[in-house]
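Quick mapping for you: the protein sequence lines, in order, are chains W and S. Residue numbers 1 to 343, in the UniProt record's numbering, belong to the letters of the first sequence in order. Residue numbers 1 to 343, in the UniProt record's numbering, belong to the letters of the second sequence in order. One structure below.
Number of protein chains: 2
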Amino acid sequence: MTVQRRFVLADRPTMRAPRATDFRLEEAPMPEPKAGEVLVRTVFLSLDPYMRGRISQVKSYARGVEPGETMVGEAAGEVIQSRAEGFQPGDLVRGHIGWQTHAAVPAAQLRRIAPDGFPLSYHLGVLGMPGRTAYFALLDVGQPKAGETVLVSAASGAVGQLVGQIASLKGARAVGIAGGPAKVAYCREIGFADAFDYKGLDDDALVAAVARTCPAGVDVYFDNVGGVIHDAAMANLNLGGRVIICGTISGYNRLEQQDTGRRHLRTLLVKRARIQGFLVSDYAAREAEFEADMPKWLKDGSIRYREDIVDGFEKTPEAFAGLLEGKNFGKLVVRAGADPARQ
Amino acid sequence: MTVQRRFVLADRPTMRAPRATDFRLEEAPMPEPKAGEVLVRTVFLSLDPYMRGRISQVKSYARGVEPGETMVGEAAGEVIQSRAEGFQPGDLVRGHIGWQTHAAVPAAQLRRIAPDGFPLSYHLGVLGMPGRTAYFALLDVGQPKAGETVLVSAASGAVGQLVGQIASLKGARAVGIAGGPAKVAYCREIGFADAFDYKGLDDDALVAAVARTCPAGVDVYFDNVGGVIHDAAMANLNLGGRVIICGTISGYNRLEQQDTGRRHLRTLLVKRARIQGFLVSDYAAREAEFEADMPKWLKDGSIRYREDIVDGFEKTPEAFAGLLEGKNFGKLVVRAGADPARQ
């Protein structure tokens, strides 16, 4: 193949859900790696909720994507040409490659993936950014203790499913909030002590559902969603409770608007509780801790992991739109090219 | 005098500001101390914003006062009769005595005040609960570093004036928010680097005033008030910012109602910041740290302290109502009886 395909941002979705047509497929000549660069063929593309923020105009922790620019994202792939020391054709790598089938990437921006018996796609999920997010946000910010209750929203998702299992491993009682009976059943299957379906519940019913599934109250709330589910968790927070703000997906389609709703300042005071924001990039220096635990937990079956693999690079925008509607079940990845591990 | 006077709660102020008539003056025979008790004559009564919560029906960190019961509060006074070991007439003490001129109190609930050259009333303020609040909330929860900006609301009040001065002592840049030009001037006089008057400012003007007085952003926000001033601080919060919820006085007259307004979950995430509630009673075991610093700072002039002393026990309810409207200037105390130090 002598052609590179990529998705560029065509239109900003402002105050609405993204549509597949917000992205435009372009073709270009195959990139030529410069000195110090590596030509990578994308095998798996990661789709993650944070990407919604990158296509809004709202100031965030990273620069946004402008219309006409290639959409950003992590990918895992195969080196097909190398002009950098330490990389050779056939090497597996991961990095910020973007939504494109091939990319010439500076070697410093890539991480080699050593053969480890795990599917390549795992390096975009349980062994990648979502895995590190679950691990450091829960353990370092949430600090769950044995016997405590850890409540998790988006509980069958890329991060949530791992949070619940890590909490259980540490002796805490994990409770999941998920959309639909199948996802709730999956939470129970992988070791959450309890779980409930938030769909169709009004504000009071949400508070009651948290109270029912967390009879001893909530010690740690791992918040992936914000909004009224946040309120229901806060209403059940224990003395000394800790709330980790890892995502606010319920508001991702209206980032341009002020988020108004219940304040919880009085609850924080009365409960001497804390709410803290988390960003995985702050933990780059501590990856070794994660690397020491997660592959081991996966191998010995302590952690189970579910992916939602969409086949075909051209389906990337549609899969991304579905992610923000909760259509995925497990960590969402796109298979953009042949998986060398499965040839 | 053979009569004890006390204020009992006559009526709950629900969804309104308290009035002097919400309390009723009662007379009773002088209490007789039982074995293990001490009869105390109240010299100074402390009035503090938290008392507003105690006369609401909303569940909080402490039991509320029921109509007909004596109003709670700290006081400092003189032992006039003792049936407890270690106390004798003439001793000065502080404790949870309530709004009454005399009380028979179990000795275990009292703390002796050793002669130290400070006014007795200081043991209800800078050397008492408000002092410990400022000290532990700022240093332990806020953790200000040299060169950082510490923003304080209710900045000329019992707690706020100390927070600004302790922050300055630790090399931080203190900025105060206060009601009216005299209070703003006082903040500057005692060492705040800057201060502004929140009165008459709309939401946008509040954000702009914080931005103007905190040009390097806000690293620590010491929140005594909640509400729209909280929003203005959040809008200027720096990466890794810390917000201490010490009081929410802006909402104290509507505790029965849900507090709605801006959420700041996305800000917390993007800034990797934290909001944490504080209650001074959690620090009882660490009082020695405070005792080692605060009297020394007062003696060497590092800390200055302003009280608003109201004369006359019968003025207690009126002074309390004024406190919640910001009518006091400095720490509010009532002189309920002759001060033995000034005879």
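We put the beta carbon where it would ideally sit given N, CA and C, even for glycine.
The beta carbons of F222(S) and A137(S) sit closer together than 8 Å.
Looking only at R173(W), S281(W), L162(W), D11(W), the smallest Cα-Cα distance to D219(W) is reached by R173(W). Residues of the same chain with a CB within less than 6 Å of the CB of F290(S), apart from the 5 flanking positions on each side, are R132, Y135 in chain order. Less than 8 Å separates the beta-carbon of E69(W) from that of L9(W).
In this structure T101(W) is buried. Its beta-carbon is surrounded by 16 or more other beta-carbon atoms within 10 angstroms. DSSP, read as helix, strand or coil, puts V243(S) in strand. For R54(S), the uninterrupted alpha helix (DSSP H) segment begins and ends at 51-54. Look at I177(S): its C-beta is not under 8 Å from any C-beta on chain W. Here the C-alpha atom of S281(S) lies approximately 22 Å from the C-alpha atom of L120(S).
The stretch 134-203 of chain S contains, as complete beta strand (DSSP E) runs of 3+ residues, the segments 149-153, 173-178, 194-197 (chain order).
Across the stretch 236-260 of chain W, CB contacts with chain S closer than 8 Å involve I245, C246, G247, T248, G251, L255, Q258, D259, T260, in sequence order along the chain.
In terms of Cβ geometry, A103(W) and P31(W) form a close pair [threshold 8 Å]. Within chain S, the C-beta atoms nearer than 7 Å to that of I275(W) come from L268, R274, I275, in chain order. A direct Cα-to-Cα measurement between K34(W) and F87(W) gives close to 14 Å. Neighbours of S60(S) in chain W, taken as residues whose beta carbon is under 7 Å from its own, are V270 in chain order.
Going by C-alpha positions, A84(W) is about 36 Å away from D11(W). Of the candidates R52(S), R5(S), E27(S), R52(S) places its Cα closest to the Cα of P18(S). Taking a cut-off of 8 Å on C-beta distances, the stretch 288-308 of chain W touches the stretch 154-168 of chain W, as three or more cross pairs fall below it. Burial state of A232(W) is buried, judged by a 10 Å Cβ sphere holding 16 or more other Cβ atoms.
Secondary structure of E314(S) (DSSP, three-state): helix. Under the three-state reduction of DSSP output, H123(W) falls in the helix class. G160(W) is outside the set of residues whose beta carbon lies under 8 Å from a beta carbon in chain S. For E289(S), the enclosing alpha helix (DSSP H) stretches over residues 287-299. For L39(W), the closest C-alpha among the options E78(W), A336(W), D203(W), D197(W) is that of E78(W). DSSP places I309(W) within a strand segment (E or B) once states are collapsed to three. For R12(W), no Cβ of chain S is located within less than 8 Å of the residue's own Cβ. Rounded to the nearest angstrom, the Cβ distance from P49(W) to G247(W) is 6 Å, consistent with a contact under 8 Å. Under the three-state reduction of DSSP, H102(S) is assigned to strand.
One alpha carbon belongs to I55(S), the other to N253(S), and they sit about 10 Å apart. In the DSSP assignment, K331(W) falls within the unbroken beta strand (DSSP E) covering 331-335.
Within the stretch 9-69 of chain S, the complete beta strand (DSSP E) segments of 3 residues or longer fall at 23-29, 37-46, listed in chain order. Excluding five sequence positions before and after D339(S), the CB atoms of its chain that fall closer than 7 Å to its own CB belong to V43, L120, given in chain order.
Scanning its chain for C-beta atoms nearer than 8 Å, with the 5 sequence neighbours on each side dropped, one finds around R274(W) the residues G241, R242, V243, L268, in chain order.
Under the DSSP assignment, V228(S) falls in the alpha helix (DSSP H) whose first and last residues are 227-234. Counting only Cβ-Cβ distances below 8 Å, F278(W) has contacts in chain S at L269, R272, in chain order. The Cβ atoms of W297(W) and L124(W) do not sit closer than 8 Å to each other.
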